[in-house]
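Read through the structure below, which is laid out as structure tokens, and then see the notes.
Protein chains: 2
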Amino acid sequence: MTTHAFPSDAHDHAACIAAGLDAAEALCAGRGERLTVLRRQVLETLLSGHRAMGAYEIIERMAERGRRPAAISVYRALDFLQAQGLVHRIERANAFIACAHPGARHGPQFLVCEGCGTVAEIADRGVMAAIGKAAREEGFEIHDPVIEVAGRCASCAEARP
Amino acid sequence: MTTHAFPSDAHDHAACIAAGLDAAEALCAGRGERLTVLRRQVLETLLSGHRAMGAYEIIERMAERGRRPAAISVYRALDFLQAQGLVHRIERANAFIACAHPGARHGPQFLVCEGCGTVAEIADRGVMAAIGKAAREEGFEIHDPVIEVAGRCASCAEARP
DNA sequence: AGGTAGATGTTACAACATAACATGTCAAGC
DNA sequence: GCTTGACATGTTATGTTGTAACATCTACCT
Numbered sequence: 045m046t047t048h049a050f051p052s053d054a055h056d057h058a059a060c061i062a063a064g065l066d067a068a069e070a071l072c073a074g075r076g077e078r079l080t081v082l083r084r085q086v087l088e089t090l091l092s093g094h095r096a097m098g099a100y101e102i103i104e105r106m107a108e109r110g111r112r113p114a115a116i117s118v119y120r121a122l123d124f125l126q127a128q129g130l131v132h133r134i135e136r137a138n139a140f141i142a143c144a145h146p147g148a149r150h151g152p153q154f155l156v157c158e159g160c161g162t163v164a165e166i167a168d169r170g171v172m173a174a175i176g177k178a179a180r181e182e183g184f185e186i187h188d189p190v191i192e193v194a195g196r197c198a199s200c201a202e203a204r205p
Numbered sequence: 045m046t047t048h049a050f051p052s053d054a055h056d057h058a059a060c061i062a063a064g065l066d067a068a069e070a071l072c073a074g075r076g077e078r079l080t081v082l083r084r085q086v087l088e089t090l091l092s093g094h095r096a097m098g099a100y101e102i103i104e105r106m107a108e109r110g111r112r113p114a115a116i117s118v119y120r121a122l123d124f125l126q127a128q129g130l131v132h133r134i135e136r137a138n139a140f141i142a143c144a145h146p147g148a149r150h151g152p153q154f155l156v157c158e159g160c161g162t163v164a165e166i167a168d169r170g171v172m173a174a175i176g177k178a179a180r181e182e183g184f185e186i187h188d189p190v191i192e193v194a195g196r197c198a199s200c201a202e203a204r205p
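Chains A and B supply the protein sequences, listed in that same order.
Heads up, the first sequence is in my numbering, so the first residue is 45 and it goes up one at a time.
Heads up, the second sequence is in my numbering, so the first residue is 45 and it goes up one at a time.
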């Protein structure tokens, strides 16, 4: 299987949002966790955007479609979603993005395009193995690796070579 | 050579600060860049702390030893020091740390201990190679990789197994 | 001395995140 | 049906991190 970490221009976006929400529902149900309306809306906003978004941008988008949630509420929802592995935080951008592989165990890595802002989530075994090896040599126990690579995605590199 | 990314408890700290400052002087002189008093003090503060520090913590420390610099001045000094490769930013902590290998080309990676807060800077070839390979498979051009691994350093893991 | 480029200072504010406490919601057990 | 308890959300205020806009200073060149 060839993976396409960067979404193609014309994929079935509605279906991809629905799939993400369904996966989240299933995952929470299986764990006895509550995917409340607010949490679901935050996740849906991230899925719709299909890119990393700051908390206040999420608030803005939610405000356009109904009541404006308080910052703290959105942060709490994001905390929950992160704990469930449904959302990741992009540290270097103070932003959040819906997980591309909900349910899978990871160790995700992110390719962040400086041209278009798209964030691709990959889960490369080789990268994790190399980091594990380097850490072992220092006697370091890995808990939470953050790998965020800024650069240019294929289409942006092509557009401005 | 066995590297010790985590500093031993009793290394010659004064010498290690002096060495860092000397390296910075030499590097800037060689490039025709100006290591001004303010920039030097910011770097010295980071070298003394021997760990990652927030900008406002740097300000606090500098205030204890003289005039309190404005936030923006410290951020500008940090920008300069980062551009010269003398300081790195730890994204996940909104903090800064003096570079452990000034002058060397890198691609640094950080092991951040959640026990004691120490940050070890390593420059593992295997990790960079793995990331390069993963990026190539996506047609992604790497510009600025961020690798920050949280976990426990050897002494903290031993102290609380 | 005057010009100029770069560094720093002053002030105000934007953006990101959380503390403390009140209130709402829903299901279990009486 | 009511109470209770656990968890989620709302309200208000504030803390933390970072920058914009513009003034001033400094060191060097001519």
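No residue lacks a Cβ here, since even glycine has one placed at the ideal position from N, Cα and C.
> Is DSSP giving residue 126/A helix, strand or coil here?
Replying inline: helix
> Who are the neighbours of residue 155/B on chain A, taking C-beta pairs under 7 Å?
Replying inline: 179, 182, 184
>> Counting only beta-carbon separations shorter than 7 Å, does residue 160/B have a partner in chain A?
In response: no
> What whole-angstrom Cβ distance do residue 106/B and residue 89/B have, given they're in contact under 8 Å?
Replying inline: 6 Å
>> Going by C-alpha to C-alpha distance, which of 63/A, 174/A, 76/A sits closest to residue 145/A?
In response: 63/A
>> As a quick exercise: from 92/A, 84/A, 173/A, 135/A, pick the residue whose alpha carbon is nearest that of residue 51/A.
In response: 92/A
>> Once the 5 residues before and after residue 114/A are set aside, which same chain residues still bring their CB inside 6 Å of it?
In response: none
> Should residue 74/A be labelled buried (16 or more other beta-carbon atoms within 10 Å of its own) or exposed?
Replying inline: exposed
>> Can you confirm whether residue 45/B, when its beta carbon is compared against all beta carbons of chain A, has any partner nearer than 7 Å?
In response: Reliability of the predicted coordinates at residue 45/B is poor, the pLDDT of 44 falling under 50, and no value is obtained from them.
> Which term fits residue 195/B, buried or exposed, when burial requires 16 or more other beta carbons within 10 angstroms of its beta carbon?
Replying inline: buried
> Where does residue 57/B fall in DSSP's three states?
Replying inline: helix
> Taking just the CA atoms, how far does residue 154/A sit from residue 174/B?
Replying inline: In this model, residue 174/B and residue 154/A are separated by some 14 Å (Cα to Cα).
>> Mapping the DSSP letters down to three states, classify residue 63/A as helix, strand or coil.
In response: helix
> Of all the beta strand (DSSP E) runs that stay within the bounds of the region 124-179 of chain B, which reach a length of 3 or more residues?
Replying inline: Runs of beta strand (DSSP E) with 3 or more residues, each lying fully within the region 124-179 of chain B, are found at 131-134, 139-142, 153-157, 163-166, listed in chain order.
> What are the boundary residues of the beta strand (DSSP E) that residue 194/A is part of?
Replying inline: 185-196
> chain A beta carbons: is any one of them nearer than 7 Å to that of residue 195/B?
Replying inline: yes
> Roughly how far, in whole angstroms, is the beta-carbon of residue 140/B from the beta-carbon of residue 96/B, given that I think they are within contact range, below 8 Å?
Replying inline: 6 Å
> Quick one, which residues of the region 77-109 of chain B are near chain A if we go by CB-CB under 9 Å, in chain order?
Replying inline: Result list empty, no residue passes.
> Sorted by chain position, which residues of the same chain lie with C-beta nearer than 7 Å to residue 82/A's C-beta, five sequence neighbours on each side aside?
Replying inline: Only 113, 117, 121 meet the Cβ criterion.
> Taking Cβ-Cβ distances shorter than 7 Å, what residues in chain B pair up with residue 165/A?
Replying inline: Correct list: empty, because the minimum Cβ distance to chain B is about 11 Å.
> Within the chosen definition, does the region 155-170 of chain A reach the region 175-185 of chain B through at least 3 CB pairs nearer than 8 Å?
Replying inline: yes
> Under a CB-based cut-off of 7 Å, is residue 131/A close to chain B?
Replying inline: no
> If you check the beta carbons only, do residue 189/A and residue 171/B fall under 7 Å apart?
Replying inline: no
>> Please report the straight-line C-alpha distance between residue 159/B and residue 94/B, rounded to a whole angstrom.
In response: 15 Å
> Within 10 angstroms of its Cβ, does residue 46/A collect 16 or more other Cβ (buried), or is it exposed?
Replying inline: At residue 46/A, the pLDDT of 45 sits below 50, so the modelled position is not reliable and the matter cannot be decided from this model.
> Which residues in chain A sit within 9 Å of residue 50/B, going by Cβ to Cβ distance?
Replying inline: 182, 183, 184
> Short check: CB of residue 135/A to CB of residue 101/B, under 7 Å?
Replying inline: no
> Going by the beta-carbon positions, is the gap between residue 71/A and residue 147/A smaller than 7 Å?
Replying inline: yes
> Using a C-beta to C-beta distance shorter than 7 Å, which residues of chain B count as neighbours of residue 135/A?
Replying inline: 135, 136
> Taking the alpha-carbon positions, what's the residue 76/A to residue 150/B distance?
Replying inline: 46 Å
> Short check: CB of residue 99/B to CB of residue 119/B, under 7 Å?
Replying inline: For residue 99/B and residue 119/B, yes; Cβs fall inside 7 Å.
> Hey, how far is the Cα of residue 126/A from the Cα of residue 56/B?
Replying inline: 42 Å
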